[in-house]
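Below is one structure; the comments refer to it alone.
Chains as they are written, first to last, in the numbering used here: chain A, 176 to 672; chain B, 2 to 424.
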């Protein structure tokens, strides 16, 4: 763990010095979340469910780079953080529907030296999240509630069910059938909702090390990919630095009617089909004014971190502004507009010899306003304020599994990023190309930029909850240079140079 | 209160700034934290005279020393030092931050506010800049903006000391004395035992808040504790003197205030000493003290860092020169609208017979939420003059319920009003 912290500290210092390193993932992007990791939103996904075109699935990932073996307590959700999914459905940048998740931690056996034990000392293996046989060794257990706030009315969606968070995958002796525990976490809620929360394999993929080393790509893999690599959506040519790490995930599937302003499903051409979404974390704030409720020492929640579009805070927002960005609301994002119109990252690409369009980069406003092609039904007056929201046209049906493209919308897979975001979407490469100017002119500014990490080492889960089970604490490995994990390379060994 | 909070805030900012610097350790036995920082900064400068960071450290330490000693000469020194830093590295962020803190120390609040705003635009994630914004806005009476800035401090780094101090000060201004005490206590618990001036100042602040709430036993202990931690701490001496005045132990109050004035020979301190001497029945000595106060106060009256508030009350309540009180009050009111200025201005209007306007000003001050015995007394007297007996009784009652030198006067006026109504 100390080593990891050192790496992160080094990365943060590079952050300060080298603009190019702003291309990092959303893992610990701002100083405030580097200090408050359980409230750190790593990634935010929103997409029409693959098997239910009448539903949207949201995934809120928090707490980055969880080492699967890091016992004894692993990484539970924070009881003092309110995890939120927020949806704007009328193009004004203000949330109209909010889902809140609150966790409660229970230590069932305070005498155990670890939160999870099984298959030893007469304690049976952990085979169930619920009370009774098979849950005896589940000492650290978390329950959670799901609350929907809509039209000023809060509704607890649990409907009497006790919802359990799925713990980290400790190992085969303690949890001999982890996939079963994983599946036990999937719960149907009344109203057509489905929910899952727990520790999962982190679906994000990137060659973090190469980028943090001042954009020092592996030989032959970047920044301009060969056609063979660029068109290969199923193999990696460089190490996925997030491979083998876990993350805490909250997944919620919601009927589209619950999200749109008028409670109906609309075709893609109708602006009412388009929603703007973001995920956030909040804590009860210490307030200047005394709290009317001293028990919580606050009158309101204070947002700690948020994410709408991938990599905005990392690739666009200046380092002296990141905390303010994290803690402010999307409706106030006009204050950061200059970072979009004059992105430092474009200058970095230019310094590498990549042609980029001149400023102001109004082409990037598609990420911050309601505009065609994501919202073909939106006119100029519907653009709304500049606000970092992940916009999703719920009228665009999901692309069938197998036909999905890692480059999403820019590769013609219109159900992909930046029309929402799916786990398969290679947001790093897509963002690089957006900053390069592909939305301005795909011929002049269409170099196939990328890091050579085109897919997730552990693969993808193509059904709810769309995240893969957590990596085993005992048996998992990480992917690194000189190690296995790059199936596109000879022998599957990741390049070191 | 405002000066005490300002002192705490500056100490915290300077301490935070100093802590952020990487300096060579020097022998520091017997030195105050500011003196230690000054010594360290001078060492850093001598080792690397072309590095601007050492000058920033020295300037910040001098600001803190100015607050430790209440000697404005240190601000002038700090100005010269930060100028050097900005010559070496124009627009360096830390240098400009110190520059704003110097402006605050010199009571150049509008200029400080503009400087802090510019810094905030350059780097909105810098917590200390929100502190500078808060301080400038409090001094100018922009309380909503001050609250917003302080809230951002709390949000960005929950529980950080400078934010706690500022939030505590604002809570007191908003009339939440208990909530203010909680935050100061939290700040005290988080302050390193080695930071003696800050701990003494926080203890004195806790005692003063207890005193204002009527808890005399508790505040006596806290003041004594502050004086044990830091013998001769000016804030603790002043607060203990106020307690003695409330207890009608005037000679002891005079002794304490003399001690404070010797330590910090500022006209504002002399004014309170003169009042205490008068309360102790030494009319001739009091007259001398008031005369000396007036001389000193007039010398700095046209500066931003002045004793004009005390001068207003001197002319209004002791010298019977209402026109002079109003003239000074108008000057102050022209550039700042904090609650203390509104109260003084309102009182100056009252003694000049302009009670309708006086009522407007004192009510504007009370609308912020502050619960201060003197404010309520003034509001009561103005209401009585306007013939609003109900309001006058209410204000006198509010003043009488609090602890303060004016509470006794409010009780007498309330009794007098009640007596009249019974007739």
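Here a beta-carbon is modelled for each residue, glycine too, at the ideal position from N, C-alpha and C.
Tell me where the alpha helix (DSSP H) around residue 68 of chain B begins and ends. Counting from one through the second chain, the residue named residue 68 of chain B turns up at place 67. From DSSP, the alpha helix (DSSP H) with residue 68 of chain B extends over 53-70.
Residue 413 of chain A in three-state terms, based on DSSP: Position 238 of the first chain, counted from the first residue, corresponds to residue 413 of chain A. Coil.
Can you say whether residue 224 of chain A is buried or exposed, counting buried as having 16 or more other CB atoms within 10 angstroms of its CB? Sequence index remark: in the first chain, residue 224 of chain A carries index 49 (1-based). Per the 10 Å Cβ criterion, buried.
Leaving out five residues before and five after residue 90 of chain B in sequence, what residues of the same chain have Cβ atoms less than 6 angstroms from its Cβ? For the purposes of this step, residue 90 of chain B is identified with residue 89 of the second chain, where counting begins at 1. Answer for residue 90 of chain B: 53, listed in chain order.
Three-way DSSP call (helix, strand, coil) for residue 444 of chain A in this model: Numbered from 1 along the first chain, position 269 holds the residue referred to as residue 444 of chain A. The answer is coil: DSSP assigns residue 444 of chain A none of H, G, I, E or B.
Please report the residue range of the beta strand (DSSP E) in which residue 227 of chain A lies. Counting from 1 along the first chain, the entry for residue 227 of chain A is found at position 52. Taken as a continuous stretch (DSSP letters only), the beta strand (DSSP E) holding residue 227 of chain A covers 227-241.
Buried or exposed for residue 345 of chain B, going by 16 or more other Cβ atoms inside 10 Å? The sequence position of residue 345 of chain B within the second chain is 344, counting from 1. Residue 345 of chain B should be labelled buried.
Just confirm the distance between the C-beta atoms of residue 99 of chain B and residue 61 of chain B, as a whole number of angstroms; I'd bet it's less than 8 angstroms. Stepping through the second chain from its first residue, residue 99 of chain B is reached at position 98. Stepping through the second chain from its first residue, residue 61 of chain B is reached at position 60. At roughly 5 angstroms, the Cβ-Cβ gap stays under 8 angstroms, so residue 99 of chain B and residue 61 of chain B are in contact.
Under 9 angstroms from the C-beta of residue 160 of chain B: neighbouring residues of chain A: Along the second chain, one-based indexing puts residue 160 of chain B at 159. Neighbours of residue 160 of chain B on chain A, chain order: 461.
Could you round the C-beta distance between residue 330 of chain A and residue 337 of chain A to whole angstroms and report it? I think they count as a contact, below 8 angstroms. Taking the first chain and counting its residues from 1, one reaches residue 330 of chain A at position 155. Taking the first chain and counting its residues from 1, one reaches residue 337 of chain A at position 162. Not confirmed; about 17 angstroms, so no contact.
For residue 413 of chain A, collect the residues of the same chain with a Cβ closer than 7 angstroms to its Cβ; drop the 5 residues on either side in sequence, then sort them by chain order. Working through the first chain from its first residue, we reach residue 413 of chain A at position 238. Excluding residues within five positions, the ones whose Cβ falls inside 7 angstroms are 382, 385, 393, 396, 626, 627, 628, 661, 669, 670.
DSSP on residue 332 of chain A, reduced to helix/strand/coil? Along the first chain, one-based indexing puts residue 332 of chain A at 157. Looking at residue 332 of chain A - three-state DSSP - the assignment turns out to be coil, as it is neither helix nor strand.
Span of the beta strand (DSSP E) holding residue 619 of chain A? Translated into positions along the first chain, residue 619 of chain A becomes position 444. From DSSP, residue 619 of chain A is part of no beta strand (DSSP E); its letter is neither H nor E.
Nearest residue (CA-CA) to residue 279 of chain B, options B/303, B/264, B/320: Taking the second chain and counting its residues from 1, the one referred to as residue 279 of chain B is at position 278. Answer by Cα proximity: B/320.
Residues of chain A with a CB under 7 angstroms from the CB of residue 180 of chain B: which are they? Here residue 180 of chain B is taken as the residue at index 179 of the second chain, counted from 1. Per Cβ cutoff of 7 angstroms: 465.
Can you list the residues of chain A that residue 172 of chain B reaches, using a CB-CB cut of under 9 angstroms? Within the second chain, residue 172 of chain B is the residue found at index 171, counting from 1. Residues of chain A passing the Cβ test: 463, 464, 465.
Just grab the DSSP bridge partners of residue 408 of chain B for me. In the second chain, the residue the question calls residue 408 of chain B occupies position 407. Answer is none; residue 408 of chain B lacks a bridge partner.
Using the Cβ count rule (16 or more neighbours within 10 Å means buried), how would you classify residue 368 of chain B? Position 367 of the second chain, counting from 1, holds the residue named residue 368 of chain B. The residue is exposed, with fewer than 16 neighbouring Cβ atoms inside 10 Å.
Can you grab the Cα-Cα spacing for the pair residue 585 of chain A / residue 118 of chain B, in whole Å? Working through the first chain from its first residue, we reach residue 585 of chain A at position 410. Working through the second chain from its first residue, we reach residue 118 of chain B at position 117. Going by the C-alpha atoms only, they are around 41 angstroms apart.
Closer than 8 angstroms by C-beta to residue 429 of chain B: which residues in its own chain qualify, once you throw out the five before and the five after it? Chain order, please. Here chain B has residues from 2 to 424 only, and residue 429 of chain B is not among them.
Do you know offhand how far residue 340 of chain A's Cα is from residue 31 of chain B's? Mapped onto the first chain, residue 340 of chain A falls at position 165. Mapped onto the second chain, residue 31 of chain B falls at position 30. Going from the Cα of residue 340 of chain A to the Cα of residue 31 of chain B covers about 56 angstroms.
Identify, in the order they occur along the chain, each residue of the same chain with its Cβ nearer than 8 angstroms to the Cβ of residue 33 of chain B, setting aside the five sequence neighbours on each side. By one-based count along the second chain, residue 33 of chain B stands at place 32. Taken in chain order, the residues that qualify are 66, 69, 197, 198.
Cutoff 6 angstroms; reference residue 406 of chain B; Cβ partners in own chain excluding five residues on either side: Stepping through the second chain from its first residue, residue 406 of chain B is reached at position 405. For residue 406 of chain B, where only same-chain residues beyond five positions count, the Cβ hits under 6 angstroms are 246.
Expressed to the nearest angstrom, what Euclidean distance is found between the alpha-carbon atoms of residue 311 of chain B and residue 72 of chain B? To locate residue 311 of chain B, count along the second chain from 1; it is residue 310. To locate residue 72 of chain B, count along the second chain from 1; it is residue 71. One C-alpha to the other measures close to 19 angstroms.
Outcome for residue 379 of chain A when other beta-carbon atoms lying within 10 angstroms are tallied against a minimum of 16: Taking the first chain and counting its residues from 1, one reaches residue 379 of chain A at position 204. Buried, since its Cβ has 16 or more Cβ neighbours within 10 Å.
What does the alpha-carbon distance come out to for the pair residue 325 of chain B and residue 107 of chain B? By one-based count along the second chain, residue 325 of chain B stands at place 324. By one-based count along the second chain, residue 107 of chain B stands at place 106. Approximately 24 angstroms, taken between the alpha carbons.
Would you identify the three-state DSSP class for residue 135 of chain B, choosing helix, strand or coil? Looking up residue 135 of chain B in the second chain gives position 134. Note: residue 135 of chain B maps to helix in three-state DSSP.
Counting C-beta neighbours from all protein chains within 10 Å, is the total for residue 282 of chain A 16 or more, i.e. buried, or is it exposed? Sequence index remark: in the first chain, residue 282 of chain A carries index 107 (1-based). By the 10 Å Cβ count, residue 282 of chain A comes out exposed.
Along the chain, where does the alpha helix (DSSP H) containing residue 189 of chain B start, and where does it finish? On the second chain, residue 189 of chain B is found 188 positions in, with the first residue counted as 1. Per DSSP, residue 189 of chain B belongs to the alpha helix (DSSP H) from 178-191.
What residue does the beta strand (DSSP E) around residue 306 of chain B start on, and which one ends it? To locate residue 306 of chain B, count along the second chain from 1; it is residue 305. First-last for residue 306 of chain B: undefined, no H or E at that position.
Under 7 angstroms Cβ-Cβ, which residues of chain B neighbour residue 498 of chain A? The residue you call residue 498 of chain A lines up with position 323 of the first chain. Under the 7 angstroms cutoff, chain B gives 126, 157.
Under 8 angstroms between beta-carbons, which chain A residues line up against residue 151 of chain B? List them in chain order, please. Within the second chain, the letter at position 150 stands for residue 151 of chain B. Simply 463.
Nearest neighbour of residue 524 of chain A, chosen from A/357, A/621, A/318, A/272 [CA to CA]: Counting from one through the first chain, the residue named residue 524 of chain A turns up at place 349. Looking at the Cα atoms, A/621 is the closest of the given residues.
So which of A/421, A/578, A/550 has the shortest CA-CA distance to residue 566 of chain A? Position 391 of the first chain, counted from the start, is the residue given in the question as residue 566 of chain A. Checked all of A/421, A/578, A/550; the closest Cα to residue 566 of chain A is A/550.
Would you decide whether residue 576 of chain A is buried or exposed? Buried here means 16 or more other CB atoms lie within 10 Å of its CB. Counting from 1 along the first chain, the entry for residue 576 of chain A is found at position 401. By the neighbour-count rule (16 or more Cβ atoms within 10 Å), residue 576 of chain A is not buried but exposed.
Taking Cβ positions only, does residue 177 of chain B come closer than 7 angstroms to chain A? Residue mapping note: residue 177 of chain B aligns to position 176 of the second chain, counting from 1. True, the Cβ-Cβ gap to chain A drops below 7 angstroms.
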